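S.K.: Here it is, the structure in full.
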Amino acid sequence: GECGSFSDVRSGVVLDLDGLITKKRGDPKNEIDVTAVYKNRPVLISCKNCKPTKEHLYEILTMAEQYGGKYAVPVLVCSERAFEPVSVRAAEMGVILIDSVAEASLKRLKDVLVKNFPV
């Protein structure tokens, strides 16, 4: 929200895979850490307090495709720096990877968001 790129931002959004609210165990639901809207496109953001892995990339890409459709933008934000192969794989998959945020200032994070989502 503060960077001015998004028309809407929500945190902790629970998404229901099949749209049926059964309240039964095993009802397929996922929580997305942050959802946003950028130029009418859904942006799904997963936040991890660790080093990013390829599994994290596949997880957010799958959620973005299932819940946001083909125009959704998957984003992975991690506290630690990614190994080079994970950064390369993120780019290949079309996942925006923002790493090393534990040591970054809020201004740097805003700058990275604006770079990926220009106002």
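Residues 63 to 181 in the working numbering are what the sequence shown lists, from first letter to last. All C-beta atoms, glycine included, are put in the ideal place defined by N, C-alpha and C. From a predicted model like this one, the values you see are computed outputs, not experimental measurements.
With a threshold of 16 other CB atoms inside 10 Å of the CB of A134, please say whether the residue is buried or exposed.
M.R.: Here residue 134 corresponds to residue number 72 of the sequence shown, with the count starting at 1. Buried, since its Cβ has 16 or more Cβ neighbours within 10 Å.
S.K.: Would you call V176 buried or exposed, if buried means 16 or more other Cβ atoms sit within 10 Å of its Cβ?
M.R.: What you label residue 176 is simply residue 114 of the sequence shown in a count that begins at 1. So V176 ends up on the exposed side.
S.K.: Tell me which residues share the same chain as K172 and place their Cβ nearer than 6 Å to its Cβ, disregarding the 5 neighbours each side in the sequence.
M.R.: The sequence position of residue 172 within the sequence shown is 110, counting from 1. Excluding residues within five positions, the ones whose Cβ falls inside 6 Å are C65.
S.K.: Assign S108 to buried or exposed, taking buried as 16 or more other Cβ atoms, counted over all protein chains shown, within 10 Å of its Cβ.
M.R.: In the sequence shown, the residue the question calls residue 108 occupies position 46. So S108 ends up on the buried side.
S.K.: For N111, which option in F179, L123, I160 has the closest C-alpha, if you only look at C-alpha atoms?
M.R.: Walking along the sequence shown from the start, residue 111 turns up at place 49. Among F179, L123, I160, the Cα nearest to that of N111 is on I160.
S.K.: Is the Cβ-Cβ distance between L119 and V157 less than 8 Å?
M.R.: Reading the sequence shown from its first residue, position 57 is the one you call residue 119. Reading the sequence shown from its first residue, position 95 is the one you call residue 157. Their beta carbons are under 8 Å apart, which means L119 touches V157 by this criterion.
S.K.: If you draw a straight line from the alpha carbon of K101 to that of F145, how long is it in whole angstroms?
M.R.: In the sequence shown, counting from the first residue as 1, residue 101 sits at position 39. In the sequence shown, counting from the first residue as 1, residue 145 sits at position 83. Distance between the alpha carbons of K101 and F145 is about 31 Å.
S.K.: I need the straight-line Cα distance from V163 to E127, nearest angstrom please.
M.R.: The residue labelled residue 163 in the question sits at position 101 within the sequence shown. The residue labelled residue 127 in the question sits at position 65 within the sequence shown. Between V163 and E127, the C-alpha separation is close to 25 Å.
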